[in-house]
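Data block below; observations after.
Chains as they are written, first to last, in this note's numbering: chain W, 2 to 404; chain A, 40 to 296; chain P, 9 to 341.
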């Protein structure tokens, strides 16, 4: 048994079951979902909800399965390995929207919303990004003004996953412009509130099974009870939630790289040129070894970060103080692992694409879709450039590498 | 009502390899899991549980690792598991596991209904349920597509595709469940998080049932494995006059339906 | 062991006609019998059977025949059939009991071998009897047929086996061969059969689905015409078999585009893939772990498909198409 690397048996079982689910349910509809932009497949989401996938990390008292970030990541490795679209849907719902509500909500908010969200009866979305506020999230222009017992929200959010099927969205709005990033607050907005609407649907290069939409808020009135956490602390909440979300992206990327590796090995064993199997050629053998090394390394890194996030989130949810060194470690490692894992998956796919010839380029043979799907992991949940900036800057500031 | 579901912990058949010269099985790094057809039996039991509030017990015969099969069954919603255990029980054929289970039923715990899968993905067979019924002297049904309980009896629709036969048999009985039964549910995350609690699985060593390892090759000995090839004298050609060939082709197809 | 003699072939009659598999099994048992010095006894069970049915099996190679016939015999009552065989076996003490292999006979074999606490070998592809030790030894498929297992009986009599007999030849019928036919009277009420058959009939069928179908037929361009494709599709669909075409067949407009099998069309994952009228396999299984069994109908035995298939038959598609359709319709009558 490798050093310190064994999943608790529940997480292992969850992973095994998730793998079976994904192979049986996703495999037959992948192509269609991608080809015809069939977003948010209803049946699939319902089946996943029944299985408890939509709330796997949230503690039992709020309706989740209580498997924590470790269980969540184990499951996401399998989902991400098969379908980036589905991983995106689940990630935005659970990893971002629901987790933010869980971590920063008060008991009333948790009890009101989490039971429905964890059972997948309600879907969540995470409304942070705006047209001029992507990497620079503090530049948002959505505003929230207090009027009596309500907050009135105005603004536009863009590139929001699940935006069209969500029942609640965590909206980040400027409550005190003078404070800049320190003046942003988070709100729980129920999507049937008047003034809330879905705008454009974006057609994407990849993850075509998930919906990426524009959200429009025009005088959306939200009760004061729906302020998430403390006033003007929203930006931090966003960053913390994303630290966790990023980890599932890492695990999903490792799963995707693993699938690609298996694809390459299968190809190498089956395909022949002039009677000689491709596995005979050094280029193929080397590629298999290189991708194998990265999958191994990436997996350790991703799960190590998952463990950190597990502890981190537990402290936050229980309102325990988080020692600063620990927080900095979590931030740094989540940044580095996301950067590394998403890129290793892209490297793997590009490598394999070049090795299998024309078949890699054709529709229907999985690979070209995996290629189009992979790059988004480098872009969303914080671009890899930002991850480099965050981690690099931190290390330089510290003066040396830290554990 | 108490229902037992016999589950087998089997290797992924597509990953199993053999050492060609010696004919030994190489399964150390193969993924194991609940035998796929057993999920239908578990599903049948769980549906009956929903209708009649029955207690469902998953039972497996096997070595240490077989415990995982019971945990997965617990993840689907069965109430508890029984592990008939011996370290040497790796790979066993259905006559042996049927005998071990029959001793458990005779000596330790009776069930109103015992459900099994139609066949296992390792040695297939498809004989476990009726062998067990013979040993226990219970009535049996095979290939259940539907099961209904009706005071002390069950009504089973047996799958003889493309035909069916509906039978009524008194309990206690042994029924094998067809893969035409209906979509088995997936284990859910909530039950999975509870599945490893210690008190959920009872481990019963072979000695407690008055049996010993000699039972493993009591009826059948597995001499070796081989690749599916002409060298082994396997006949592959369906030959004869055209009408015979057509009949033979359809005979083969029928067995897969 | 001395008291157990003879090789039994169990012949269960659905209507008063013998199955081709029964006849083949009699022939196979004959060879085994000659090898180890045993009589071959056919046990016929069904309705409306008489001495002539017994004689027929003797003409195919049996030495004796027991005919158990009654209006009240119901072959859908598995328990009844199993107990009939059990009763006779208790009396006559056969050394080996052979069945043609299918789901139904496997269940009966399980019961019989359980009652006698004897060895049971199912799905035998090649069966031998050790003439000295008098033990059955067989090759059988293991791990979803990916490998073969060689198993040997170690204990208990009568030894029971079910045999995959489809690939063996029909024996010659010798009209002049004679033997003993024994009609057997069995009091069915004294068997202790607890099963009551309430209903028999046709199963509810589902639409054949490319991903869920257990058997898929891939039709190639050599099938000849669109009409031939439609004919086989219709007959097969009744058995929940999914039917589609290869790329060449679609290109030649014999098969409609939406029936294309492969990554560019419908993906499949059957237990058995049957091909007819084609020399190539649709590349359907890349990335899927399951490896389907292949039954191919080729025009020449040297074709690569014949070499890789689990089962193959050599015939021009047009010569066998109508016969195949007739047999499929027979199954679903």
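Ideal Cβ positions, reconstructed from N, Cα and C, are used throughout, including at glycine.
Note that this is a predicted model, so its numbers are computed, not measured.
Partner residues on chain P for residue i, Cβ-Cβ distance less than 7 Å
{"i": "residue 263/A", "result": "158"}
is_contact[residue i, chain A] using C-beta, thresh 7 Å
{"i": "residue 236/W", "result": "no"}
{"i": "residue 11/W", "result": "yes"}
{"i": "residue 104/P", "result": "no"}
{"i": "residue 250/W", "result": "no"}
{"i": "residue 1/W", "result": "The requested residue 1/W does not occur in the structure, where chain W is confined to residues 2 to 404."}
{"i": "residue 314/W", "result": "no"}
Residue-chain proximity (residue i, chain W), Cβ-Cβ < 7 Å
{"i": "residue 227/A", "result": "yes"}
{"i": "residue 271/P", "result": "yes"}
{"i": "residue 235/A", "result": "yes"}
{"i": "residue 82/P", "result": "no"}
{"i": "residue 16/P", "result": "no"}
Rounded distance between the beta-carbons of residue j and residue i, thought under 8 Å
{"i": "residue 303/P", "j": "residue 291/A", "result": "6 Å"}
{"i": "residue 208/A", "j": "residue 195/A", "result": "7 Å"}
{"i": "residue 121/W", "j": "residue 260/W", "result": "That belief does not hold up - the Cβ atoms of residue 121/W and residue 260/W are roughly 25 Å apart, past 8 Å."}
{"i": "residue 74/P", "j": "residue 44/P", "result": "Not really, about 21 Å apart at Cβ, beyond 8 Å."}
{"i": "residue 245/W", "j": "residue 96/W", "result": "6 Å"}
{"i": "residue 161/P", "j": "residue 144/P", "result": "4 Å"}
{"i": "residue 55/P", "j": "residue 81/P", "result": "6 Å"}
{"i": "residue 143/W", "j": "residue 156/W", "result": "3 Å"}
Chain-ordered neighbours of residue i on chain A, where CB pairs are closer than 7 Å
{"i": "residue 17/W", "result": "72"}
{"i": "residue 22/W", "result": "225"}
Delimiting residues of the beta strand (DSSP E) encompassing residue i
{"i": "residue 108/P", "result": "102-108"}
{"i": "residue 74/P", "result": "72-77"}
{"i": "residue 229/A", "result": "First-last for residue 229/A: 228-233, but that is the alpha helix (DSSP H), not the beta strand (DSSP E)."}
{"i": "residue 65/A", "result": "63-65"}
{"i": "residue 189/A", "result": "179-189"}
Below-7 Å beta-carbon distance, residue i vs any chain P residue
{"i": "residue 29/W", "result": "yes"}
{"i": "residue 82/A", "result": "no"}
{"i": "residue 292/A", "result": "yes"}
{"i": "residue 123/A", "result": "no"}
{"i": "residue 2/W", "result": "Any reading at residue 2/W must be qualified, since the residue scores a pLDDT of 45, below 50, and its modelled position is unreliable; no value is offered."}
The alpha helix (DSSP H) enclosing residue i, as first and last residue numbers
{"i": "residue 340/W", "result": "325-356"}
{"i": "residue 286/W", "result": "283-318"}
{"i": "residue 130/A", "result": "Here residue 130/A belongs to no alpha helix (DSSP H), and DSSP marks it neither H nor E."}
{"i": "residue 128/W", "result": "Run containing residue 128/W: none in the alpha helix (DSSP H); it sits in the beta strand (DSSP E), 125-128."}
{"i": "residue 10/W", "result": "10-26"}
{"i": "residue 61/P", "result": "59-67"}
{"i": "residue 241/W", "result": "235-271"}
{"i": "residue 82/W", "result": "69-83"}
{"i": "residue 117/P", "result": "111-124"}
{"i": "residue 110/W", "result": "108-119"}
{"i": "residue 222/W", "result": "No alpha helix (DSSP H) contains residue 222/W, which is instead part of the beta strand (DSSP E) from 213-224."}
{"i": "residue 239/P", "result": "234-245"}
{"i": "residue 43/P", "result": "28-44"}
{"i": "residue 169/A", "result": "167-175"}
Cross-chain neighbours of residue i in chain A, by beta carbon under 8 Å
{"i": "residue 66/W", "result": "227, 228, 229, 231 and 232"}
{"i": "residue 54/P", "result": "Simply none; closest approach about 15 Å."}
{"i": "residue 126/P", "result": "258"}
{"i": "residue 252/P", "result": "Near residue 252/P there are no residues of chain A at all, since even the closest Cβ is about 16 Å away, more than 8 Å."}
{"i": "residue 101/P", "result": "By Cβ distance, chain A contributes nothing, its closest Cβ being about 18 Å from residue 101/P, past 8 Å."}
{"i": "residue 57/W", "result": "228"}
Proximal residues of chain W, C-beta to C-beta of residue i below 8 Å
{"i": "residue 111/A", "result": "14, 17 and 18"}
8 Å Cβ cut-off: residues of chain P touching residue i
{"i": "residue 272/A", "result": "134 and 147"}
Beta carbon proximity, residue i to chain B, threshold 7 Å
{"i": "residue 53/W", "result": "Considering every chain present, this structure includes no chain B. Its protein chains are W, A and P."}
Contacts of residue i in chain W (Cβ-Cβ under 7 Å)
{"i": "residue 275/P", "result": "29"}
{"i": "residue 114/A", "result": "14 and 18"}
Beta-carbon neighbours of residue i, restricted to chain A and to distances below 9 Å
{"i": "residue 107/P", "result": "Chain A residues near residue 107/P: none, gap ~11 Å exceeds 9 Å."}
**OP:** Only counting runs of 3 or more residues, tell me where the beta strand (DSSP E) segments fall wholly within the region 251-330 of chain P, in order along the chain.
**Re:** 280-284, 301-306 and 319-322
Subject >> Contiguous beta strand (DSSP E) assignments of at least 3 residues, all confined to the region 126-207 of chain P >> reply: 128-132, 134-137, 144-150, 155-161, 167-171 and 188-191
Original post:
Whole beta strand (DSSP E) runs in the region 70-146 of chain A with 3 or more residues, listed along the chain?
Top reply: 71-73, 94-101 and 119-124
Original post:
Counting only runs that start and end within the region 354-395 of chain W, where is the alpha helix (DSSP H) found for 4 or more residues in a row?
Top reply: 368-375 and 377-380
**OP:** Counting only runs of 3+ residues fully inside the region 125-176 of chain W, write out the beta strand (DSSP E) ranges in chain order.
**Re:** Counting only runs that start and end inside the region 125-176 of chain W, the beta strand (DSSP E) elements of at least 3 residues fall at 125-128, 144-148, 151-162 and 169-175.
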